[in-house]
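Comments concern the structure below.
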Amino acid sequence: DGHVAFSIGKDAFVALNRNGYNNYTELGEDIWWDLAGVSTGLPEGVYCNMVEMSISMKLSALPCPDRANATVRIGPRGTILEGSVEPYGVVAMHTRHSQKPD
43 DGHVAFSIGK
53 DAFVALNRNG
63 YNNYTELGED
73 IWWDLAGVST
83 GLPEGVYCNM
93 VEMSISMKLS
103 ALPCPDRANA
113 TVRIGPRGTI
123 LEGSVEPYGV
133 VAMHTRHSQK
143 PD
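Numbering (the working numbering), first residue to last: 43 to 144.
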């Protein structure tokens, strides 16, 4: 359906969404991909979307950016509880940039 997701071992997960309006063909529509229910293989926690992070955030222990699409919440079985990918967007997560659940 225009999107794909894959895990990289037990440390990382990537989701890509190709759905969106094409200005050249004037076809398609901008559809966000709701990731709820997608299995990641990652431990439970809140993960920063590394695509939304600056280089200094990636190199330090700074918190996730405070904007839409900046975090993804993973449940106890490694399944996404909250998170989405914007049209033509990417979500990339790594265990190094996660917060343990409360």
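Ideal Cβ positions, reconstructed from N, Cα and C, are used throughout, including at glycine.
Beta-carbon gap between residue i and residue j smaller than 8 Å
i      : j      : result
Asn65  : Tyr130 : no
Ser126 : Leu77  : yes
Pro118 : Glu86  : yes
Cut-off 6 Å between Cβ atoms - residues of its own chain near residue i, not counting five sequence neighbours on either side
i      : result
Asp72  : Gly62, Tyr63, Pro129
Leu84  : Phe55, Ile116, Gly120
Val132 : Leu58, Val93
Selection from the options that minimises the alpha carbon distance to residue i
i      : options                    : result
Ala57  : Trp74, Pro85, Glu68        : Trp74
Gly70  : Gly44, Cys90, Ala54, Phe48 : Gly44
Glu124 : Ser81, Ala54, Lys52, Asp53 : Ser81
CB-CB length for residue i against residue j, believed under 8 Å
i      : j     : result
Tyr89  : Ile50 : About 13 Å separates the two Cβ atoms, so there is no contact after all.
Ala134 : Asn91 : 7 Å
Cβ shell of residue i (< 7 Å), same chain only, five flanking positions each side left out
i     : result
Gly79 : Thr121, Ile122
Asp53 : His136, Thr137
ask   = For the segment 58-134, which segments carrying the beta strand (DSSP E) assignment without a break, of at least 3 residues, lie completely within its bounds, in sequence order?
value = Within the segment 58-134, the runs of beta strand (DSSP E) that reach at least 3 residues and sit entirely inside it are, in chain order, 87-90, 113-116, 122-124.
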